[in-house]
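Everything on this sheet refers to the single structure shown next.
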Amino acid sequence: MSRLLLNLRNVPHDEADGVRAMLDAQGIAFYETRPSMWGISAGGIWVTEDTAYADARLAMDEFQRQRRDHARAEYAAAKRAGTADTFFTMLRADPVRVVVSVLGILFVLVMVALPVFLLRG
Numbered sequence: 001m002s003r004l005l006l007n008l009r010n011v012p013h014d015e016a017d018g019v020r021a022m023l024d025a026q027g028i029a030f031y032e033t034r035p036s037m038w039g040i041s042a043g044g045i046w047v048t049e050d051t052a053y054a055d056a057r058l059a060m061d062e063f064q065r066q067r068r069d070h071a072r073a074e075y076a077a078a079k080r081a082g083t084a085d086t087f088f089t090m091l092r093a094d095p096v097r098v099v100v101s102v103l104g105i106l107f108v109l110v111m112v113a114l115p116v117f118l119l120r121g
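Going by full-length UniProt numbering, the first residue of the sequence shown is number 1, and it counts up by one from there.
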């Protein structure tokens, strides 16, 4: 019976391509389901044989560890170069979005705290 290896919801195309290439290189049989037209299901990458799932999971864990290490190294290099995104660079690049987001967060916090203040008695 097939087992889901990777749910493709919010997975970048390069990561999905990397997983496919990794499974091909390992010789693990898999198939892919596409997302539904209405966004109910996101699609996924499935391993066709239960016996190969453990090997696929180990390979997937290693793939994700390498991807994580690469992303962290890129971020560290961007921080050293001064090109990493910070709150203030985002504020300069798109002030309306940042201000609206901060106001939305403050509104939610006030709405959560309001009953506490109103019910104190």
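All C-beta atoms, glycine included, are put in the ideal place defined by N, C-alpha and C.
Remember, predicted model here, so these are calculated numbers, not experimental data.
- Per DSSP, Ile-105 is one residue of the alpha helix (DSSP H) stretching across 95 to 119.
- Counting along the chain, Val-47 sits inside the beta strand (DSSP E) bounded by residues 44 to 47.
- Arg-65 has its alpha-carbon roughly 18 Å from the corresponding atom of Ala-77.
- In this chain, Leu-4 is not harboured by any alpha helix (DSSP H); it is covered by the beta strand (DSSP E) spanning 3 to 7.
- Taking one beta carbon from each stretch, the region 39 to 54 and the region 97 to 108 have fewer than 3 pairs nearer than 8 Å; the two do not touch.
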